[in-house]
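K.L.:
Once you've had a glance at the structure underneath, I'll fire off some questions.
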Amino acid sequence: MAETRHPPQNVPGCLDETVSFLSCPGSYDPVPDKVDVVETHMSLLFFAGDLIYKLKLPVRLPFLDWRTLERRQLDCEREVAVNHDLAPGVYLGAEPLVRSGDGRLHIGGRGETVDWLVIMRRLDSSLSLDRLVSSQRVTEDDLDRICDRLAGFYRKQQPLDLSPQQMLDRWQAQIEIVDACLSDSKFELPHDLTEPVLTALWRYIDRDREQIESRVSQGKIVDGHGDLKPEHIYLGTRVIIIDRLEFDEQLRWSDPFDEIAFLGTECSRLGMPSILPGLVDRMADRLDDRPPDCLLRFYRCYRACLRARLSIEHLLDENPRTPELWPRQARAYLRLAAETLPFDGQS
């Protein structure tokens, strides 16, 4: 859900009053003891007692545009709607932040709407999968429960009406973006890390594209989660999966095993590489389906390269926080991508 807890830094000055209001315990009913503020790349989250209030920043990025109030409202409403299935009871609604006649700000009620908030129930962070992975406390039963939850979700999704060529075009466009970033000399990423994995991705699309085409023809591409990371999975009494991607539905269109490969890759980065094969085996049993090993390796390689790209692109921020972190993280992901090689031509 978030990166690190700290005072907001990369926040437009026009939001100073809003951030100050939402950071004050007295702005909430009931009044919490304190309000913790977490800044992500696109939002601010205000942890107030048992609830979280999410404020989307008025930013424009290559994949979204939240500069208008109407677009932020629409995205807040979409976020609540798309997360209902995997996180029932967590996303409580979208509420306006309003200014009343006396000039004061309020959450909900009458007045001029100045912004929108997503209101969420706060979950126990000690039960998040990333915490459990980092402390090596993930059990076989945990993996069973996660896969039961995900398999039930994927089985409910109708196959998308895509042609094999449309899917290949999407893959080529995505790899082009990743290639352009990771090959950009201004980021100074080691050529011996970037070149082998990027070459492997392009070679696969050129030589083994029929495996991707087959997945489309068999109806295996669905409207998935879109951002299936360990920090989005909570292993309480019921498995809860939050932060299903809402701002562009096409970014959710994927093979379930692509998402599983992503989840397993993130678990590997956190120190438990054994989780990935366990996830794949369990999902294969539950979905009665198993892609070729080389396709799974392609998915893993691409996902690791994508995460390397998203890491290094933090340096494009006007005032990047912890700039020394992102090249190190990007290189770690590139090493994970290299672990998948070679994968073209295998089955």
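The numbers in the sequence shown follow this note's numbering, run straight up by one, and end at 662. Cβ atoms here follow ideal geometry from the backbone N, Cα and C, with glycine treated the same way.
Answer yes if the region 431-438 comes into contact with the region 523-530, meaning at least three C-beta pairs across the two stretches below 8 angstroms, and no otherwise.
P.N.:
No contact exists between the region 523-530 and the region 431-438.
K.L.:
Using the three-state DSSP reduction, which class does valine 395 fall into: helix, strand or coil?
P.N.:
Three-state result, valine 395: helix.
K.L.:
Would DSSP call glutamate 561 helix, strand or coil?
P.N.:
Coil, per DSSP.
K.L.:
Please return the same chain residues whose Cβ sits closer than 6 angstroms to the Cβ of glycine 490, not counting the five positions on each side in sequence.
P.N.:
In the sequence under discussion, the amino acid at residue 490 is isoleucine, which differs from the glycine named in the question. Excluding sequence neighbours, isoleucine 490 sits near Leu516.
K.L.:
Smallest Cα separation from glycine 418: which of Asn398, His506, Glu332?
P.N.:
Here the closest residue by C-alpha is Glu332.
K.L.:
If we count Cβ pairs, one from each stretch, closer than 8 angstroms, do we get three or more for the region 454-464 versus the region 383-397?
P.N.:
No: fewer than three Cβ pairs fall under 8 angstroms.
K.L.:
Comparing alpha-carbon positions, which option in Ala402, Leu389, Pro607 lies nearest glutamate 410?
P.N.:
Comparing Cα-Cα distances from glutamate 410 to each of Ala402, Leu389, Pro607, the minimum goes to Leu389.
K.L.:
Less than 6 angstroms between C-beta atoms, sequence neighbours within five positions excluded: which residues of the same chain meet that for glycine 551?
P.N.:
Leu442.
K.L.:
Short of 8 angstroms in beta carbon distance, which residues of its chain neighbour proline 474, apart from the five on each side in sequence? Order them along the chain.
P.N.:
Cβ neighbours of proline 474 beyond the five flanking positions: Gly534, Lys535, Ile536, Val537.
K.L.:
Only counting runs of 4 or more residues, tell me where the alpha helix (DSSP H) segments fall wholly within the region 395-462, in order along the chain.
P.N.:
Listed in chain order, the complete alpha helix (DSSP H) runs (minimum 4 residues) inside the region 395-462 are 444-449.
K.L.:
Strictly by DSSP, which residues pair up with isoleucine 548?
P.N.:
Isoleucine 548 is bridged to Ile556.
K.L.:
By Cβ distance below 6 angstroms, which residues in the same chain neighbour arginine 622 in space, the five residues on each side in sequence not counted?
P.N.:
Excluding sequence neighbours, arginine 622 sits near Tyr648.
K.L.:
DSSP state of valine 512, grouped into three classes?
P.N.:
Of the three classes helix, strand and coil, the one that applies to valine 512 here is helix, per DSSP.
K.L.:
Given glutamine 565, which residues of its chain have a CB within under 6 angstroms of its CB, disregarding the five upstream and five downstream residues?
P.N.:
Nothing meets the Cβ criterion.
K.L.:
Do the CB positions of phenylalanine 658 and phenylalanine 613 come within less than 7 angstroms of each other?
P.N.:
Yes, they are a contact pair.
K.L.:
Closer than 7 angstroms by C-beta to lysine 371: which residues in its own chain qualify, once you throw out the five before and the five after it? Chain order, please.
P.N.:
Met357, Ser358, Trp381, Arg387, Asp390, Cys391.
K.L.:
Just to confirm my understanding: we take serine 335, look at its own chain, exclude 5 residues before and 5 after, and list those with CB closer than 6 angstroms. What are they?
P.N.:
There are no such residues.
K.L.:
Measure from the alpha carbon of glycine 416 to the alpha carbon of each residue in Arg646, Arg584, Gly426, Leu376, then state which is nearest.
P.N.:
The residue with the shortest Cα to Cα distance from glycine 416 is Gly426.
K.L.:
Looking at valine 512: is its Cβ nearer than 7 angstroms to the Cβ of cysteine 582?
P.N.:
Cβ distance not < 7 angstroms, so valine 512 and cysteine 582 don't count as in contact.
K.L.:
Within a Cβ cutoff of 7 angstroms, which residues of the same chain sit near aspartate 400, ignoring the five residues on either side of it in sequence?
P.N.:
Around aspartate 400: Phe468.
K.L.:
Is the CB-CB distance between glutamate 546 and aspartate 445 below 7 angstroms?
P.N.:
Yes; because the gap between Cβ atoms is below 7 angstroms, this pair is in contact.
K.L.:
Using C-beta distances below 7 angstroms, list every residue in its chain close to lysine 349, excluding the 5 sequence neighbours before and after it, in chain order.
P.N.:
Answer for lysine 349: Pro340, listed in chain order.
K.L.:
Below 7 angstroms between beta carbons: does that hold for arginine 624 and cysteine 496?
P.N.:
Yes, they are a contact pair.
K.L.:
Do leucine 504 and leucine 543 have their C-beta atoms within less than 7 angstroms of each other?
P.N.:
No, these two residues do not count as a Cβ contact at 7 angstroms.
K.L.:
Would you decide whether aspartate 558 is buried or exposed? Buried here means 16 or more other CB atoms lie within 10 Å of its CB.
P.N.:
Under this definition aspartate 558 is a buried residue.
K.L.:
Ignore the nearest five residues each way along the sequence and tell me which others in glycine 364's own chain have a CB closer than 6 angstroms to its CB.
P.N.:
Same-chain partners within the cutoff: Pro347.
K.L.:
Can you list, in chain order, the residues of its chain whose CB lies under 6 angstroms from that of isoleucine 590, leaving out five sequence neighbours each side?
P.N.:
So the qualifying residues of the chain are Gly579, Cys582.
K.L.:
Would you tell me roughly how many angstroms separate the C-alpha atoms of glutamine 661 and threonine 655, rounded to the nearest one?
P.N.:
In this prediction, glutamine 661 has a pLDDT of 47, which is less than 50 and means its spatial position is unreliable; what the coordinates show is noted afterwards. Roughly 12 angstroms between the two C-alpha positions.
K.L.:
Do you know how far the Cα of histidine 540 is from the Cα of isoleucine 556?
P.N.:
Their Cα atoms are separated by approximately 9 angstroms.
K.L.:
What do you reckon, are the CB atoms on phenylalanine 361 and leucine 384 nearer than 7 angstroms?
P.N.:
The answer is no: Cβ separation not under 7 angstroms.
K.L.:
Leaving aside the five residues before and after leucine 594 along the sequence, list all residues of the same chain whose C-beta is less than 7 angstroms from its C-beta, in chain order.
P.N.:
Correct list, in chain order: Leu458, Cys462, Ile575, Leu578, Gly579.
K.L.:
Is leucine 376 buried or exposed, if buried means 16 or more other CB atoms sit within 10 Å of its CB?
P.N.:
Per the 10 Å Cβ criterion, exposed.
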